[in-house]
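Below is one structure, written out as structure tokens, with a few remarks after it.
Number of protein chains: 2
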Amino acid sequence: MSETTPTGTPSPGGDPPSPVPRKRVNRRERILRTAAEVFAAQGFNNTSLADIAATLDITPAGVLHHFGSKTELLTAVLELRDTNDPAPSGAGMLDHLVTTAERNAARPGTTRLYAVLSAESATARHPAQDWFRDRYTVLRREVEEAVLDRIGPEHREMANTPGPDGHTPAHSAATAILAAMDGLQVQWLLDPESVDMATVTELVIDALVARLRTTEGGGPSGPVQT
Amino acid sequence: MSETTPTGTPSPGGDPPSPVPRKRVNRRERILRTAAEVFAAQGFNNTSLADIAATLDITPAGVLHHFGSKTELLTAVLELRDTNDPAPSGAGMLDHLVTTAERNAARPGTTRLYAVLSAESATARHPAQDWFRDRYTVLRREVEEAVLDRIGPEHREMANTPGPDGHTPAHSAATAILAAMDGLQVQWLLDPESVDMATVTELVIDALVARLRTTEGGGPSGPVQT
DNA sequence: TTACTTACTTAATGTTCATTCAGCAAGAGG
DNA sequence: CCTCTTGCTGAATGAACATTAAGTAAGTAA
Chain E
242 MSETTPTGTP
252 SPGGDPPSPV
262 PRKRVNRRER
272 ILRTAAEVFA
282 AQGFNNTSLA
292 DIAATLDITP
302 AGVLHHFGSK
312 TELLTAVLEL
322 RDTNDPAPSG
332 AGMLDHLVTT
342 AERNAARPGT
352 TRLYAVLSAE
362 SATARHPAQD
372 WFRDRYTVLR
382 REVEEAVLDR
392 IGPEHREMAN
402 TPGPDGHTPA
412 HSAATAILAA
422 MDGLQVQWLL
432 DPESVDMATV
442 TELVIDALVA
452 RLRTTEGGGP
462 SGPVQT
Chain L
242 MSETTPTGTP
252 SPGGDPPSPV
262 PRKRVNRRER
272 ILRTAAEVFA
282 AQGFNNTSLA
292 DIAATLDITP
302 AGVLHHFGSK
312 TELLTAVLEL
322 RDTNDPAPSG
332 AGMLDHLVTT
342 AERNAARPGT
352 TRLYAVLSAE
362 SATARHPAQD
372 WFRDRYTVLR
382 REVEEAVLDR
392 IGPEHREMAN
402 TPGPDGHTPA
412 HSAATAILAA
422 MDGLQVQWLL
432 DPESVDMATV
442 TELVIDALVA
452 RLRTTEGGGP
462 SGPVQT
């Protein structure tokens, strides 16, 4: 796991010549990326600063030199990915979601990070709770817009008419799409063979879009087969 | 928080007459229910035996007298709910899922327990990992059957024809329904006002069932609105 | 009464952990 | 050469925890 010896005192005889003596470039960023990976693999509560530090061949105190506390490190990790991944808004977003699902299937680490943290954030007094709440609020609004764009103007009014639960079909569809994507991640992490995230994401989007186009007034259609 | 003094030595003068002196009935069950609640509120990693013990006005060692370890306690909690909640198989199941979503909205505790634990179980070496993997495998199969029942025999063949990803549409739909339900729970826990789990669950099921009925050969239909 | 079981308690043990503090080393700028 | 900044180390602290072991108290069965 370690290319160079982790001990602070280098052996008096010779310096290791080539392998990364100490980079000038932001050490902070490397720590951030490492932390993201370890949080992803183990969850936040289950990860110690020592775990992260060991991966970097430094001490826990070394990590805290850059980030004041473990919580601070977490929020920094979340904000990193936030600025890292600009989603296209408008009509193209739905396709982007499928692409994202595809890309996630190639990066279990990042996928696990968000799947685990988002659920973990729903526990009492979790440091990332506000962050995820806000994130979902924004995403729902964006996906809702994308759905409205996709179904076309002739169905827009219907999709914007609130149902008995106080939400519009477009809003519900957006909620559903995001929910499905999140849920897929958990199932996929547990059993990759049985779940194709991209295919199912596409299916859900298609089905919901078709549904919003089809609905004419009234409640849930479709005869219930005995 | 405590009706009677938690100290072992009761005050010499008198016994508290009415309030639960010590029940003959399975103490184990009460501990199990309490553990479920606390795990639900705080997650597994973030919950100490002391937390659970305090709620019961006993010591951590008292809890371990009934369950050998914290992990054993967790699996017992999971199996409890397992036997508790028999799902109807076959056609009726899809309606049962909507009902379940409705019922979950009334019980944040239980909902949080599964939402948090299922995601947490996707981390490395989590004690509940196998349990959840098996659970999803079984549920997918059951929901798949229910979907096939619902769409009717005339669409059954199409829905059972594997796509390029190796899974049948019925299987994908089942995966999607379960994923949506799980994802909804997280969003709802974070922001109950913005999410109606039952409505969205119903929407997803309707949309997917309609989609499986509609599809004629080929890829994803529906013209992509620019 | 005696023996057994249930349901604990108290105390100790050994870890793991986040966080603090003081100091050191090495490059950068003057 | 001096000084400042960056990036750490080592050591210590104190808290939180799971788990073990041994003992106690009260009910139950004989």
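Protein chains in written order, with our numbering: chain E, 242 to 467; chain L, 242 to 467. Every residue gets a Cβ at the ideal spot worked out from N, C-alpha and C, and that includes glycine.
Boundaries for residue 287 of chain E: no alpha helix (DSSP H) harbours it, and the DSSP string shows neither H nor E there. Ranking L/278, L/444, L/439, L/269 by CA distance to the CA of residue 357 of chain L puts L/278 first. In the displayed model, residue 350 of chain E falls within a helix according to three-state DSSP.
A direct Cα-Cα distance of roughly 21 Å separates residue 400 of chain L from residue 455 of chain E. Contact check for residue 450 of chain E against residue 417 of chain L fails: the beta carbons are separated by 8 Å or more. If you look at residue 455 of chain E, you'll find it in the alpha helix (DSSP H) that goes 438-455. From the beta-carbon of residue 422 of chain L, the residues of chain E found nearer than 8 Å are 420, 424.
By the 16-neighbour rule on beta-carbons within 10 angstroms, residue 269 of chain L is exposed.
In this structure, residue 422 of chain E keeps its C-beta atom at 8 Å or more from the C-beta atom of residue 335 of chain E. Only residues of its own chain outside the window of five on either side were considered, and among them 337 have a CB closer than 7 Å to the CB of residue 329 of chain E, listed in chain order. Using a Cβ-Cβ cut-off of 8 Å, residue 330 of chain E does not count as an interface residue toward chain L, since no Cβ of chain L sits closer than that to its own. Boundaries cannot be given for residue 406 of chain E, as no alpha helix (DSSP H) includes it and DSSP labels it neither H nor E.
Among the residues of chain E, those whose CB is under 9 Å from the CB of residue 361 of chain L are 284, 286, 287, 357, 360, 361, following chain order. Nearest C-alpha to residue 280 of chain E among L/280, L/363, L/340: L/363. In terms of Cα proximity to residue 453 of chain E, the closest of E/434, E/432, E/398 is E/398.
The continuous alpha helix (DSSP H) containing residue 392 of chain L extends over residues 370-392. Cβ atoms of residue 441 of chain E and residue 413 of chain L come within 8 Å of each other, at about 5 Å. An exposed status is given to residue 325 of chain E, since fewer than 16 other beta-carbon atoms sit within 10 Å of its beta-carbon. Not a single C-beta of chain L is nearer than 8 Å to the C-beta of residue 338 of chain E. Distance check between residue 332 of chain L and each of L/385, L/304, L/342, L/396 places L/385 closest, using alpha-carbon atoms only. Straight through space, the alpha carbons of residue 299 of chain L and residue 267 of chain L are spaced by roughly 15 Å. If you look at residue 301 of chain L, you'll find it in the alpha helix (DSSP H) that goes 301-307. The C-alpha of residue 395 of chain L lies about 10 Å from the C-alpha of residue 389 of chain L.
With contacts defined as CB atoms closer than 8 Å, residue 349 of chain E and residue 316 of chain E fail to qualify as a contacting pair.
For the pair residue 273 of chain E and residue 290 of chain E, the CB atoms are not nearer than the 8 Å cut-off. At least one CB atom of chain E sits nearer than 8 Å to the CB of residue 364 of chain L. DSSP, read as helix, strand or coil, puts residue 340 of chain L in helix.
Secondary structure note for residue 267 of chain E: it is in no alpha helix (DSSP H), with a DSSP letter that is neither H nor E. The three-state reading of DSSP puts residue 365 of chain L in coil, since its state is none of H, G, I, E or B. Using a Cβ distance threshold of 8 Å, residue 346 of chain L and residue 420 of chain L do not count as a contacting pair. When secondary structure is reduced to three states using DSSP, residue 310 of chain E falls in the coil class, being assigned neither helix nor strand. At least one beta carbon of chain L lies nearer than 8 Å to the beta carbon of residue 452 of chain E. In terms of CA proximity to residue 410 of chain L, L/381 leads the group L/432, L/435, L/381.
At a Cβ-Cβ threshold of 8 Å, residue 448 of chain E and residue 448 of chain L count as neighbours. Per DSSP, residue 328 of chain E lies in no alpha helix (DSSP H) segment and is marked neither H nor E.
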